[in-house]
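Going line by line, the protein sequences match chains E and D.
First residue of the first sequence: 2, per my numbering; consecutive thereafter.
First residue of the second sequence: 495, per my numbering; consecutive thereafter.
We treat Cβ as the ideally placed atom computed from N, Cα and C, and that holds for glycine.
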Amino acid sequence: MQVENIIALGVNHKTAPVAIREKLAFSGDCQEPLRIVRGIEGCEECCILSTCNRVEIIFVSNQPEVTSREVRKFLFSKSNLTEEETKKYSYLHYGRDAIIHLFRVASSLDSMIVGEPQILGQLKQAFRDATEEKCTGLVLNRFIQKAFSVAKRIRTETNIGGSAVSISYAAVQLAKKIFGDLSDKKVLLIGAGEMAELAAEHLINQGIKEVVVANRTLERAVKLARRFNGSAVSLEELIPQLETVDILISSTGATDLVLRRDDVKPIMRQRMNRPLFLIDIAVPRDLDPELNDLDNIYLYDIDDLKNVVDINKEARDKEAACGERIVGEETLKFQQWLAGMEISPTISQVRKRADDIIQLELTRTFGQLKELSPKDKKSIEKLATSISNKLLHNPIIFLKSITSGDDVELNIDMFRQIFGLDQDKSDNVLKD
Amino acid sequence: MTLLFQLTFLIYCFATLTYLLYFYNQKKQMRQLARYVLGAAALSHLVYTVARYFAVGHTPITSNHEAVSFFALSVTLGFLSFRWRYKVKNFGVFVAPIINILMAVAIISSQDVRDLPPALQSLWLPVHASIAVMANAFLALAFSGGVMYLLQEREIKNKRFGLFYSRLPSLEALDSLNQHCLSVGFPLMTLGIITGSVWAKQAWGSYWQWDPKETWSLITWFIYAAILHLRFTAGWRRRRAAIMAIIGFSSALFTLWGVNFLLEGLHSYAG
């Protein structure tokens with residue numbers, strides 16, 4: 002098996018603008034395109050991954066160059082770009098680079114928002130579709146499943162998914178640090194705006210109990226409240242609402258402050274000092290900065306939140322570096338597996354395995370039987386070697402007899418599994 | 495026996511070190527190790543306490559060494575029992591140093607065995623002293639919860655996220671930790687004062703003598719009573735509760751040591 006036969010070709014948010022990506026995307030299931038790609042000359046296995054940030058085809062071909070040209074033509078068939086342009090907008094990775102690429106994609110190192118968790122699920126779905134269409138074989142099965150385990154390893158060993166890197170999510174994270182459990186909390190939205198709505202959506206996903214919307218025009222408030230299954234109030238009711246609210250997100254277009262320190266101070270007594278988390282996304286600001294001086298009130302404006310995001314990004318970049326290291330390690334392991342999928346290295350490995358076992362057992366036995374003469378030892382060594390040789394004779398003849406046909410790799414793989422040649426060094430039988 | 499105590503002290507030091515390392519690198523294996531080491535320290539401490547009981551012939555909570563050693567043991571056991579019920583991230587990191595300081599005090603105090611005055615030879619000794627010390631242990635846990643709360647709150651309030659923000663649990667969790675510790679510690683403390691008073695009646699013929707130790711434990715009791723009262727009526731939660739837990743514990747420590755060293759009284763031979 003040649004490493005160079007594994008190929009990844011596609012477009013993503015770095016190589017092509019959304020105007021092009023949206024044309025190429027495969028909506029719905031990928032049955033038809035999978036069948037077409039599978040039929041392209043030289044293509045042995047394939048899998049199609051189509052998300053909003055990337056459309057890519059991973060395939061194995063015995064004629065890499067011919068197949069990749071045809072696959073690229075197919076990928077861009079829905080656009081009217083020249084071949085030169087299609088080359089410019091897409092990437093094409095062979096062999097080792099393709100392995101690194103897929104590992105990075107699966108573990109979200111290649112995502113627009115590094116560390117986001119959806120991509121792994123999307124890749125799993127893509128793989129399921131491809132196997133249902135019988136488009137994958139030994140190599141891709143092993144390759145893509147390896148990508149899943151690499152992603153899992155990176156997720157557990159680094160903290161790549163741990164920090165919030167969007168403003169709305171940073172607000173949710175802070176809310177959790179203040180309140181712990183959000184499920185019995187109430188959020189009040191003042192004004193409407195994309196970011197405020199996004200933050201509210203995040204909070205609802207975290208199981209927040211109740212949403213209240215206050216707006217200058219009640220109609221708009223009612224509309225928004227319906228979306229969140231909440232209730233609407235007018236701006237005049239703002240202060241009494243504060244008695245029961247836990248989180249407040251403000252994003253009005255008002256030029257003046259909506260809430261002042263002295264408005265809120267008396268309320269805190271009635272609230273029995275339950276904490277209040279104020280989020281001010283508006284520019285100019287809605288909430289009096291002095292509110293933060295009150296006990297049990299935590300006020301964050303847009304700059305504060307941006308600051309949190311920046312700190313998190315820094316931390317995440319560090320984690321991503323660890324992730325890259327893991328990708329490097331795993332790529333090496335996978336390459337070793339691929340390289341082993343040839344007849345002659347397999348034969349020498351199985352012989353070496355036999356020799357290792359013989360040596361280990363001999364030292365053990367000689368250690369117990371100290372009275373043996375050198376001559377006795379020699380004959381025991383001979384005995385062990387000839388048993389092992391006789392036992393391996395037929396399997397090796399069988400291995401040498403496979404020369405052509407589709408099953409070469411399948412047979413080699415089975416042979417390797419029977420003799421445990423691909424086990425990690427850590428769980429090697431020799432070390433038991 | 496001194497050797498056993500020194501060994502226990504060393505294991506505690508090791509536990510504290512592991513906890514501090516864990517705080518720095520946040521590796522799961524490190525936390526696991528720290529827990530095992532602390533468990534081992536507690537076991538060795540328990541053995542020491544039992545051995546001392548047989549060596550001195552009465553419950554070993556009479557000298558300063560014994561009382562502080564028992565105090566440290568109670569904090570450890572209180573912490574270990576706590577972690578089965580509540581998950582408070584990195585609590586051990588703050589509790590372990592406290593235990594260690596107590597052990598350090600115990601190791602430098604005189605470990606001589608002194609004969610018990612007849613007034614103290616009673617079944618009330620183990621009951622009164624162990625309850626009073628255990629109350630202190632839970633107050634110590636509330637104290638470390640309070641410190642954690644103030645550290646965490648400072649970072650959230652000032653929007654400067656340093657060592658603590660990601661490592662410490664939410665403010666809510668720390669506040670309920672405070673409440674849980676006090677709801678165990680305060681009844682124990684009340685019980686400690688009542689048993690002490692009953693014992694005083696038997697030994698000295700009067701329930702209350704206004705000796706400094708009694709006065710100070712009453713002051714401490716009033717502080718904690720106020721904390722709990724204000725918590726439920728005036729909403730003194732969170733930041734104020736955390737500060738109060740720290741003040742209350744300082745008063746409890748003064749009752750334990752300050753009184754012995756600065757003021758003279760009936761309890762003085764017991765320390």
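Taking a C-beta distance under 8 Å as the contact criterion, L532/D and A509/D qualify as a contact pair. Between W730/D and chain E, the shortest Cβ-Cβ separation is below 8 Å. Rounded to whole angstroms, T543/D and Y518/D show a C-alpha spacing of 33 Å.
The C-beta separation of S251/E from L288/E comes to about 6 Å, placing the pair in contact by the 8 Å criterion.
Residues of chain E whose Cβ lies closer than 8 Å to the Cβ of K651/D are, in chain order, N293, Y299. Check the Cα spacing between D423/E and each of F75/E, E5/E, D356/E, Q336/E: the tightest is with Q336/E. Linking W338/E to P65/E through their CA atoms gives a straight-line distance of about 20 Å. Taking the C-beta atoms as reference points, A321/E is found no nearer than 8 Å to L121/E. Secondary structure at S538/D: helix, using DSSP grouped into helix, strand and coil.
Under the three-state reduction of DSSP, F420/E is assigned to coil, being neither helix nor strand. Contacts between G181/E and chain D, judged by CB atoms closer than 7 Å, involve S664, E666, A667 in chain order. With respect to L657/D, M642/D sits apart: the two C-beta atoms are not nearer than 8 Å.
According to the DSSP assignment, K177/E belongs to the alpha helix (DSSP H) that extends over 168-180. Scanning chain D for C-beta atoms nearer than 8 Å to the C-beta of K178/E yields Q646, I650, Y659, S664, L665, reported in chain order. For R608/D, no CB of chain E lies under 8 Å from its own CB, so it is not counted at the interface with that chain. Within its own chain, no residue has a Cβ closer than 6 Å to the Cβ of C53/E once the five positions on either side in sequence are excluded. In the DSSP secondary-structure assignment, R39/E is not bridged to any residue. Residue pairing from DSSP places K187/E in a beta bridge opposite E211/E. Shown here, L82/E sits in coil according to DSSP, grouped into three states, outside any helix or strand. In the DSSP annotation of this structure, the continuous segment of the beta strand (DSSP E) that includes F278/E starts and ends at 277-281.
Listed as beta-bridge partners of Y92/E by DSSP are G11/E.
Ranking M683/D, W702/D, D669/D, F680/D by CA distance to the CA of K581/D puts D669/D first. Neighbourhood of R525/D in chain E, by CB distance below 9 Å: empty, with the nearest CB roughly 15 Å away. Beta-bridge analysis with DSSP links S251/E to I191/E, D281/E. DSSP places V627/D inside the alpha helix (DSSP H), whose first and last residues are 618-652. Listed along chain D, the residues sitting closer than 8 Å to I312/E by beta-carbon distance are F655. Here Y301/E carries a strand assignment [DSSP, helix/strand/coil]. Inclusion of I602/D and A566/D in the CB contact set at 8 Å is not warranted, their separation being larger than that value. Look at R733/D: its C-beta is under 8 Å from a C-beta on chain E. Between L82/E and A148/E, the gap from beta carbon to beta carbon reaches 8 Å or more. Exposed is the label assigned to T364/E, since fewer than 16 other Cβ atoms lie within 10 Å of its Cβ. Of all residues in the region 228-254 of chain E, none places a beta-carbon less than 7 Å from a beta-carbon of chain D.
In the structure shown, E117/E adopts coil according to DSSP, grouped into three states. The DSSP-derived three-state label of L676/D is helix. The Cβ atoms of V587/D and F632/D lie no closer than 8 Å to each other. DSSP places L50/E within a strand segment (E or B) once states are collapsed to three.
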